[in-house]
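One structure below.
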Amino acid sequence: MYYPSKNVTNYALCSRKKWLPSYAHAGNWSSFIGLPYHLLGSVSSLYFTGTKVFSPHNLQPKEVAEGVKRPLIIFSHGLASWGNHYSCLLSYLSSFGYTIITFDHTDGSATVAELNSGIKEYEYVNEKNIEYMKKRRGEQLDLRVNDIKNVWNFIKNYEKGGGTIIETVLKNTNRESFIIAGHSFGGGTAYACLESEKINPPPKAGILFDPWLNSFKWSSSFKNWKNEMPKVILTCDKGFISKTPKWRKQLEPISSMINAKSVRFPGQDHIDVCDAPLFLPFSTKSDQWFIENMWEVKEFLKGIGEEIEGDLEKELEVKRGNYVVEKFYESPF
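Structure representation (structure tokens):
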């Protein structure tokens, strides 16, 4: 859970949580790209072992004005990932004045998911077996939508008492509506949630970071691309995923979407949305893409009537510089 907090006065009391939760997360990155488990696992685990994120316990939420409720975003992670793989993105989004909930999906797409029934590790799906791959990815997307439904129901109905941090945060959060957001497989999940009849009430808007839309097309939720909820789609065109004609092809439904703003970032890599590139010393442009994404998200949120907290207009203007993104209001193709 990410939320605007009071200023920290004593950093010595703050914990520094490991960014990479376990060796298994790194090993399953290897499995995802078809390499031996320990090959990328050992290298990534060694490199990221010392990487910590600011995660103090019991950090008090920032007060809100009387009668004000913070907007809620539920975020869906991508394939071979986990919720806190996007800690930079989600921390920054929460600074807009939002409560953000993320989690590890239970469908086998997370590197590792901790369930009440035990640990569920990443499920490798051989994409050379096209028919099975489509069937399984569609099933997984249906499970992901169900995850979102369960998380939403949990948030709506959470009443524990005792003054815990989560209770305090949720008490000051709008639990009558939410915005769905996600990256890659999570972007496809976000669109499916806009369509799904399982989620009540449905999300009021969607933020899709370089979405894998085929996953929605293969699911039982698929009807068409005519959902009328407002949405912003932020796409990339660099790297071993986003650069390929196959990936660009699967984004074509964007051109027929209703009430959608599409923005493509020339030179941005698919993985620039998550934390990993920001932690790599040779990744010199990831911070720029990060700010560009945030600028567009900020404009979208303002456009759907959500208040933006703080003087971020000035802050983002300074960081944004003179770089201008390509904007495609009709079709990016």
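Under full-length UniProt numbering, the first residue of the sequence shown carries the number 1, and numbering increases by one thereafter. All C-beta atoms, glycine included, are put in the ideal place defined by N, C-alpha and C.
C-beta neighbour in chain C for residue i, strict 8 Å
i    : result
Tyr2 : Absent from the structure is chain C; it holds one protein chain and no more.
Limits of the beta strand (DSSP E) - the one that residue i falls within
i      : result
Ile100 : 99 to 102
Pro266 : 260 to 269
Beta-carbon proximity check, residue i vs residue j, cutoff 8 Å
i           : j      : result
His38       : Thr111 : no
Thr173      : Thr99  : yes
Gly187      : Trp212 : yes
Leu79       : Ser221 : no
Gly50       : Tyr23  : no
residue 394 : Ile199 : The question about residue 394 has no answer here: the residues shown for the chain are numbered 1 through 333.
Gly83       : Thr102 : yes
Val125      : Met133 : yes
Lys231      : Ala205 : yes
Ile148      : Ser76  : yes
Phe209      : Val273 : yes
Val53       : Lys17  : yes
N- and C-terminal bounds of the alpha helix (DSSP H) containing residue i
i      : result
Ile179 : Ile179 -> not in any alpha helix (DSSP H); beta strand (DSSP E) instead, spanning 179 to 183.
Phe279 : Here Phe279 belongs to no alpha helix (DSSP H), and DSSP marks it neither H nor E.
Ser31  : 23 to 32
Val169 : 165 to 171
Arg144 : 130 to 157
Backbone CA spacing between residue i and residue j [nearest angstrom]
i      : j      : result
Gly267 : Met229 : 29 Å
Lys261 : Val297 : 11 Å
Lys226 : Glu292 : 27 Å
Leu312 : Ser81  : Legend: pLDDT at Leu312 = 49, less than 50; position of this residue unreliable, no value from coordinates given.
Asp104 : Glu121 : 11 Å
Ile73  : Glu66  : 21 Å
Lys69  : Ile130 : 46 Å
Leu170 : Ile155 : 7 Å
Leu20  : Cys193 : 28 Å
Ile166 : Ser87  : 18 Å
Glu307 : Glu299 : 11 Å
Leu278 : His85  : 11 Å
Ser109 : Leu46  : 23 Å
Thr164 : Asn116 : 21 Å
Tyr2   : Lys302 : 20 Å
Ser242 : Ile254 : 15 Å
Glu127 : Ser31  : 13 Å
Pro202 : Gly305 : 17 Å
Glu159 : Arg248 : 44 Å
Arg264 : Asp237 : 8 Å
Asn153 : Leu143 : 15 Å
Glu139 : Ser177 : 26 Å
Thr244 : Leu59  : 43 Å
Trp295 : Val151 : 28 Å
Nearest-angstrom Cβ-Cβ length linking residue i and residue j, presumed shorter than 8 Å
i           : j      : result
Trp141      : Ser256 : Here residue 141 turns out to be Leu, not Trp, going by the sequence shown. The Cβ separation is near 20 Å, so there is no contact.
Thr168      : Pro61  : 6 Å
Glu252      : Lys223 : About 17 Å separates the two Cβ atoms, so there is no contact after all.
residue 349 : Ser44  : It is not possible to answer for residue 349, since the shown part of the chain is limited to 1 through 333.
What are the complete alpha helix (DSSP H) segments, minimum 4 residues, inside the region 37 to 118?
-> 37 to 48, 87 to 94
Going along the chain, which unbroken runs of the alpha helix (DSSP H) with 4 or more residues stay wholly within the region 182 to 249?
-> 185 to 195, 214 to 217, 239 to 242
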